[in-house]
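Chains as they are written, first to last, in full-length UniProt numbering: chain A, 1 to 433; chain B, 1 to 433.
Structure follows, in structure tokens:
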């Protein structure tokens, strides 16, 4: 279990001025990512204020534990994540000490790069991407559109429902969202037709990166699952609702989802999130207890993630008119998740399926119980029947070409310094001719 | 389109005696794979009779086109597959000439390794694995168990149904099948329990390897899809039916499938299959025509794969008693597939999803219309209600510990030399304690 220690002390400040009071990246956060700058090849870095500390350069200069050099000098975090939780904690302590000790400025400063000069890449070579469905309010809202009286299927409160997604089309924030084409059959049509999606949507999720993996045929005990998680990011599971409705039976979503998945590029570690843990929401009266392989008192007590989630939309017309983005939702991860990240990991490996360092898992769409934090336009517009109105005079049921969507997340707690995830942005481009 | 040429001439023989008359690997086949021998690291080879030609060694000795050396000297076929169909054809012509010309024996023989001395590996680093559902008789048989009057869903004859599988747990033939545990809820139980699957099954499929890929946001035209296929193998989509029944709604199969997928290690190229193409089966009266993006006359005329499929089972008791394996089914791919391999590829990329060299696609279970070639025990035993009897006096509704299952495939046609795929084998081990 990750504990609160001196690295979380709110009194700690960095000699990098932009870190102090930074809404996302104070020295209490220290998320990992992969960046390139000045035409050089991608490398691992740590976000600190408006800067990035180049860990390849720092390792080469002998500033880090020499046994880490191989894993921190590549162009992806897989090897580092595979080293596990103890090394992750040790790196955090070392970085925090370096970045707070003014006397070390001269040796470290040469390895700093301004974020505005850098291009962010995927943090890992993602071997497999799995998407879960643990947002119970989202599952209920979507289920209600099909089954008003019985929105959740009988397995939902026993099984952390998940399915495999497409690894090749996961991209870092900023990737253009080319409107996908596909088969769609409106209810009033007799036959389907192939063409650009008319119901393009987003889904607000958290991404979970696997740290240490498990061998094929081995399981991961629930009490050990937290140590298999390397960190978290924001994830937008772009969805073409018309393709989805027509294709998804009986084997689940496919082309409706696999044209693009966007993630925020910085991986926020479990250590950074330690001050923002809370109990899992109490299961409503009458819900079954988790089966023993998913039950753990410690996880129940602090498996909840007090991560605040924000989604905004701007249309081309809004940007031209200088209007500020429209807030679509504001919510919190902990209140949305029926299953914890540890339960997701343990369930995924419960049949011996091998998880590998750098694998990506989506939580599923995270919607609040009320209407303020719905995680998709499908829910916000009631399946398209209740379009929203924008300050530009436009309305939106689903995404139009030129629309830009931004996910953001941050954590706040009494006695802790605020940390953030940065953003996950995508702008919709017209379908290919 | 791949044409029949002199490399298919039945009169061609190799100076490697074991190739001539070999049921799988005559010089008319020349499948590619990755092997290791004598403690050396894995390398690319070609099966020829009982031998393997080491292509890394052959390239280093200057026996192949020098521009191919990089792609043929690695430990996986991804780079080679990415070079596309023209290089695949050229390599076949060059290998066929070398292996038929007795005068070249001395320079080539040093690069031959006996198959019995070699360990086979996965042919590619599989980026993404997708499983389709194009076996219409299987889809009908399974659908009938749920919906006797209406077994096929309305989308089936418009959409080549597919879903993403797990890449990390794809293994070459021979990998042990550890019985998976998971949640299962028999109809008579009130709540599910976690434990070893009681309904372990196999699924007979073909695997399709992607050659040249497509960029994210780009599609693959149906007339060009065949040139994006690097080759074919056998694929066993091991399935835990009890886990599947309980977990699969609403997002499709997950832990019921991702504990293991086995493939035969030799990739049979489209060139080798050229003499064994036939028309796609005529669509029954009343079926819709494929939508235009999936329609191609040439594909309709020879998109069918005349690949004969065989499945056998041996139990521990049968092996101890020296009984020969029990034949479970005998069928043919062409007759089973409602959608062609080209249609599968074009549909997969029809929303801009990027396919990458070495990606693996399963066809879905290939069952015949009659009862002789059913591709799973779920179908053979009528959902477990009609166990089969074995010569050992045992019965089987699903797989028991110690059972060994073997998939095999070969092609025969008038005027052509028989070629084969080798086998895809797996033996069931007890669940982990």
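Glycine is no exception: its CB is placed at the ideal position from the N, C-alpha and C atoms.
In this structure, how does DSSP classify residue i when only helix, strand and coil are distinguished?
i: residue 242 of chain A; result: helix
i: residue 131 of chain A; result: strand
i: residue 213 of chain B; result: coil
i: residue 318 of chain B; result: helix
i: residue 36 of chain B; result: strand
i: residue 25 of chain A; result: coil
i: residue 434 of chain B; result: Any question about residue 434 of chain B goes unanswered here, given that chain B covers just 1 to 433.
i: residue 55 of chain A; result: helix
i: residue 431 of chain A; result: coil
i: residue 73 of chain A; result: coil
i: residue 18 of chain B; result: helix
i: residue 335 of chain B; result: helix
i: residue 118 of chain A; result: strand
i: residue 419 of chain B; result: strand
i: residue 252 of chain A; result: coil
i: residue 395 of chain A; result: strand
If you compare alpha carbons, which of the options is closest to residue i?
i: residue 423 of chain B; options: B:311, B:80 and B:32; result: B:311
i: residue 4 of chain A; options: A:318, A:276 and A:299; result: A:276
i: residue 17 of chain B; options: B:89, B:393, B:49 and B:338; result: B:49
i: residue 328 of chain A; options: A:209, A:355, A:298 and A:377; result: A:377
i: residue 348 of chain A; options: B:180, B:62, B:347 and B:236; result: B:180
i: residue 212 of chain B; options: B:200, B:155, B:88 and B:296; result: B:88
i: residue 10 of chain A; options: A:296, A:419, A:45 and A:152; result: A:419
i: residue 292 of chain A; options: A:350, A:242, A:404 and A:252; result: A:350
i: residue 61 of chain A; options: A:14, A:32, A:109 and A:90; result: A:109
i: residue 360 of chain A; options: B:52, B:303 and B:167; result: B:167
i: residue 307 of chain B; options: B:83, B:99, B:186 and B:413; result: B:413
i: residue 372 of chain B; options: B:403, B:343 and B:335; result: B:335
i: residue 32 of chain A; options: A:39, A:56, A:15 and A:301; result: A:56
i: residue 182 of chain A; options: A:115, A:191 and A:196; result: A:196
i: residue 411 of chain A; options: A:304, A:114, A:313 and A:294; result: A:304
i: residue 259 of chain A; options: A:153, A:239, A:295 and A:59; result: A:239
i: residue 71 of chain A; options: A:106, A:34 and A:101; result: A:34
i: residue 94 of chain A; options: A:131, A:380, A:142 and A:63; result: A:63
Looking at the secondary structure, which residues open and close the alpha helix (DSSP H) in which residue i lies?
i: residue 344 of chain A; result: 341 to 348
i: residue 136 of chain A; result: 136 to 146
i: residue 92 of chain B; result: 85 to 100
i: residue 82 of chain A; result: 78 to 82
i: residue 114 of chain A; result: From DSSP, residue 114 of chain A is part of no alpha helix (DSSP H) but of the beta strand (DSSP E) over 112 to 114.
i: residue 106 of chain A; result: 105 to 108
Residue j and residue i - do their beta-carbons sit closer together than 8 Å?
i: residue 178 of chain B; j: residue 232 of chain B; result: no
i: residue 409 of chain A; j: residue 398 of chain A; result: no
i: residue 215 of chain B; j: residue 354 of chain B; result: yes
i: residue 331 of chain A; j: residue 367 of chain A; result: yes
i: residue 401 of chain B; j: residue 430 of chain B; result: yes
i: residue 175 of chain A; j: residue 362 of chain A; result: no
i: residue 341 of chain B; j: residue 229 of chain B; result: yes
i: residue 209 of chain A; j: residue 358 of chain A; result: yes
i: residue 7 of chain A; j: residue 104 of chain A; result: no
i: residue 96 of chain B; j: residue 159 of chain B; result: no
i: residue 133 of chain A; j: residue 364 of chain A; result: yes
i: residue 406 of chain B; j: residue 290 of chain B; result: no
i: residue 173 of chain B; j: residue 265 of chain B; result: yes
i: residue 121 of chain A; j: residue 187 of chain A; result: no
i: residue 227 of chain A; j: residue 84 of chain A; result: yes
Between which two residues does the beta strand (DSSP E) harbouring residue i extend?
i: residue 404 of chain A; result: 404 to 411
i: residue 498 of chain A; result: In this structure chain A extends from 1 to 433, so residue 498 of chain A is not present and cannot be described.
i: residue 236 of chain A; result: 229 to 236
i: residue 44 of chain A; result: 43 to 48
i: residue 263 of chain B; result: 261 to 263
Would you list, in sequence order, the uninterrupted beta strand (DSSP E) runs of no fewer than 3 residues that lie entirely inside the region 345 to 393 of chain B?
-> For the region 345 to 393 of chain B, whole beta strand (DSSP E) runs of length 3 or above, ordered along the chain, are 360 to 362.
What are the start and end residues of each continuous alpha helix (DSSP H) run of 4 or more residues lying completely inside the region 134 to 208 of chain B, in chain order?
-> Scanning the region 134 to 208 of chain B from its first residue to its last, the whole alpha helix (DSSP H) runs of 4-plus residues come out as 136 to 146.
Report the residue ranges of all alpha helix (DSSP H) runs contained in full by the region 267 to 323 of chain B; include only those spanning at least 4 residues, in chain order.
-> Counting only runs of 4 or more, we get 297 to 302 and 316 to 320.
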